Amino acid sequence: MKRVLITGASSGIGRALAVILSQKGYELFLLARREEKLQELKSELGNSNIHIIPCDLNGPNALNEIKTMTNCHIDILINNAGLALGRDKVQESQLDDWSQMIETNVTANFRMVHLVLPWMIQHGGGDIINLCSIAGHYAYQGGAVYCATKHAVKAFTRALREETAGQNIRVMQISPGMVHSDFSKVRFKGNDELADSVYLGMTPLTPEDVASMMLFMLERPRHVVIDEIITMPQDQGSPTTIMRRNV
Ligand SMILES: NC(=O)c1ccc[n+]([C@@H]2O[C@H](COP(=O)([O-])OP(=O)(O)OC[C@H]3O[C@@H](n4cnc5c(N)ncnc54)[C@H](OP(=O)(O)O)[C@@H]3O)[C@@H](O)[C@H]2O)c1
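Numbering (this note's numbering), first residue to last: 203 to 449.
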């Protein structure tokens with residue numbers, strides 16, 4: 203049975219993928235900070251092959267906790283945990299927000315690959331899906347640092363593909379546009395009105411939409427790598443072109 207580590211499994215895309223992969227019989231290691239959300243998911247899935255790793259990826263013990271829980275034996279890494287904080291212009295934004303985005307979206311993401319790759323190479327294979335974003339392809343006002351972090355993920359993924367070619371390690375990336383998850387609630391620091399306004403008059407992707415595409419990537423034959431999926435809602439043309447009705 204394949205062992206899958208999903209970071210950011212307590213909500214949104216990571217949670218939706220956990221549900222799908224659990225139904226497919228994978229053994230899951232689900233990581234996030236909110237232990238109660240992970241417990242809730244584990245009970246909902248009612249499957250003995252679900253292990254939770256409640257920890258902050260940026261905390262000093264994160265790597266040790268993951269090593270202890272998984273013994274570094276991971277066949278599939280879903281490098282999904284990430285966030286945007288704020289929509290302010292560079293000079294008006296908070297440096298602490300920048301640090302948190304860079305540490306989570308970039309440093310922690312890269313570190314996870316560093317952790318799982320030796321086992322994959324030694325045991326002759328593995329899959330890695332990095333959560334990028336259309337923010338890794340475009341840049342927009344009020345998103346300088348978030349966009350920079352996702353551009354970094356894109357560059358890292360590309361270099362990793364070059365390094366692992368021919369080793370039965372499939373390095374893949376998915377880059378969604380607007381997905382209705384907790385993403386905007388986190389970005390606007392709990393301001394529901396602002397968060398809801400993001401999706402006003404348009405139909406965003408659901409976490410399940412994205413998760414089903416990731417399942418498709420994983421279920422291709424071993425010789426097939428879906429290098430990247432870029433996906434947006436039909437109502438979206440780019441980060442800044444959004445068609446809204448009746449608003
Ligand atoms: N939603 C979108 O429109 C969108 C578009 C493109 C790309 N993405 C990317 O998709 C990924 C998932 O986002 P989502 O939309 O599913 O948002 P979400 O619902 O807010 O989920 C984010 C997940 O990341 C976890 N996380 C954040 N910081 C963490 C930390 N320091 N340590 C451990 N876990 C942490 C959160 O769990 P805890 O809070 O419990 O720790 C949560 O499970 C992110 O990388 C995001 O950048 C999202």
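Backbone N, C-alpha and C define an ideal beta-carbon position, used for all residues, glycine too.
The structure displayed is predicted, hence computed values, not measured ones.
Practice item. Look up Gln438 in the DSSP assignment and give the residues it is bridged to. Key: As a position in the sequence shown, residue 438 is number 236, starting the count at 1. According to DSSP, Gln438 bridges with Ile444.
Point to revise | Check whether Ile280 and Val206 have beta carbons under 8 Å apart | key: Sequence index remark: in the sequence shown, residue 280 carries index 78 (1-based). Sequence index remark: in the sequence shown, residue 206 carries index 4 (1-based). Yes, Cβ-Cβ distance for Ile280 and Val206 is below 8 Å.
Exercise for review: For Ser224, collect the residues of the same chain with a Cβ closer than 7 Å to its Cβ; drop the 5 residues on either side in sequence, then sort them by chain order.
Suggested key: Residue 224 sits at position 22 when you count from the first residue of the sequence shown. Closer than 7 Å at Cβ, skipping near neighbours: Leu230, Leu247, Asn249, Ile252.
Check your understanding: Looking at the unbroken beta strand (DSSP E) that takes in Met374, where does it start and where does it end?
Key -> On the sequence shown, position 172 is the one that residue 374 refers to. Here the beta strand (DSSP E) through Met374 covers 371-378.
Check your understanding: How would you write the range of the alpha helix (DSSP H) that Val221 sits in, first residue to last?
Key -> Here the question's residue 221 lines up with position 19 in the sequence shown. If you look at Val221, you'll find it in the alpha helix (DSSP H) that goes 214-225.
Check your understanding: Roughly how many angstroms lie between the CA atoms of Thr405 and Pro378, to the nearest whole one?
Key -> Numbered from 1 along the sequence shown, position 203 holds the residue referred to as residue 405. Numbered from 1 along the sequence shown, position 176 holds the residue referred to as residue 378. When rounded, the distance between both Cα atoms is 14 Å.
Practice item. Starting from the N-terminal side, write out each stretch of the beta strand (DSSP E) that is 3 residues or longer and does not extend beyond the region 343-415. Key: Here the runs fully enclosed are 371-378.
Point to revise | Assigned secondary structure, Arg313 (DSSP; H/G/I helix, E/B strand, else coil) | key: For this step, residue 313 is matched to residue 111 along the sequence shown. In this structure, Arg313 counts as helix in the three-state DSSP scheme.
**Study point:** Selection from Gln296, Val388, Leu259 that minimises the alpha carbon distance to Ile208
**Key:** Taking the first residue of the sequence shown as 1, we reach residue 208 at position 6. Ranked by how close their Cα comes to the Cα of Ile208, the residues Gln296, Val388, Leu259 have Leu259 in first place.
Review point. Taking C-beta to C-beta, are Ile222 and Ser383 nearer than 8 Å?
Key: On the sequence shown, position 20 is the one that residue 222 refers to. On the sequence shown, position 181 is the one that residue 383 refers to. Result no, Cβ atoms of Ile222 and Ser383 do not sit closer than 8 Å.
Practice item. Specify whether the region 301-319 and the region 336-346 touch according to this definition: at least 3 beta carbon pairs, one from each stretch, less than 8 Å apart. Key: Touching, no, given that fewer than three Cβ pairs across the two stretches are closer than 8 Å.
Check your understanding: In whole angstroms, what separates the C-alpha of Met271 from that of Ile278?
Key -> Counting from one through the sequence shown, the residue named residue 271 turns up at place 69. Counting from one through the sequence shown, the residue named residue 278 turns up at place 76. Met271 and Ile278: Cα-Cα distance of roughly 15 Å.
Review point. Is Val412 near Ile215, with beta carbons less than 8 Å apart?
Key: Indexing the sequence shown from 1 puts residue 412 at position 210. Indexing the sequence shown from 1 puts residue 215 at position 13. Result yes, Cβ atoms of Val412 and Ile215 sit closer than 8 Å.
Check your understanding: Which value, in whole angstroms, describes the spacing of the CA atoms of Met303 and Gln241?
Key -> Residue 303 sits at position 101 when you count from the first residue of the sequence shown. Residue 241 sits at position 39 when you count from the first residue of the sequence shown. Going by the C-alpha atoms only, they are around 26 Å apart.
**Study point:** Assigned secondary structure, Asp329 (DSSP; H/G/I helix, E/B strand, else coil)
**Key:** As a first step, residue 329 must be located in the sequence shown, where it is residue number 127. Reduced to three states, the DSSP call for Asp329 is strand.
Review point. Where do the ends of the beta strand (DSSP E) carrying Asn251 lie?
Key: Indexing the sequence shown from 1 puts residue 251 at position 49. Careful: Asn251 lies outside any beta strand (DSSP E) and carries neither H nor E.
Check your understanding: Can you name the start and end residues of the alpha helix (DSSP H) that Ala264 belongs to?
Key -> Locating residue 264 in the sequence shown gives position 62, counting from the first residue. Annotation: the continuous alpha helix (DSSP H) that includes Ala264 extends over 264-272.
Practice item. Hey, could you find the ends of the alpha helix (DSSP H) Leu297 is sitting in? Key: Residue 297 sits at position 95 when you count from the first residue of the sequence shown. Per DSSP, Leu297 belongs to the alpha helix (DSSP H) from 297-303.
Point to revise | Proximal residues to Arg289 (C-beta, below 6 Å), its chain only, five neighbours per side dropped | key: Within the sequence shown, numbered from 1, the residue matching residue 289 stands at position 87. The answer, listed in chain order, is Gly344.
Exercise for review: Tell me whether the beta-carbon of Met434 lies closer than 8 Å to the beta-carbon of Ile331.
Suggested key: Taking the first residue of the sequence shown as position 1, residue 434 is located at position 232. Taking the first residue of the sequence shown as position 1, residue 331 is located at position 129. No, Cβ-Cβ distance for Met434 and Ile331 is not below 8 Å.
Exercise for review: Starting from Leu233, trace the beta strand (DSSP E) both ways and give me its first and last residue.
Suggested key: On the sequence shown, residue 233 is found 31 positions in, with the first residue counted as 1. Start and end: 229-234.
Check your understanding: Around the Cβ of Glu364, are there at least 16 other Cβ atoms within 10 angstroms (buried) or fewer (exposed)?
Key -> On the sequence shown, residue 364 is found 162 positions in, with the first residue counted as 1. Its Cβ having fewer than 16 others within 10 Å, Glu364 is exposed.
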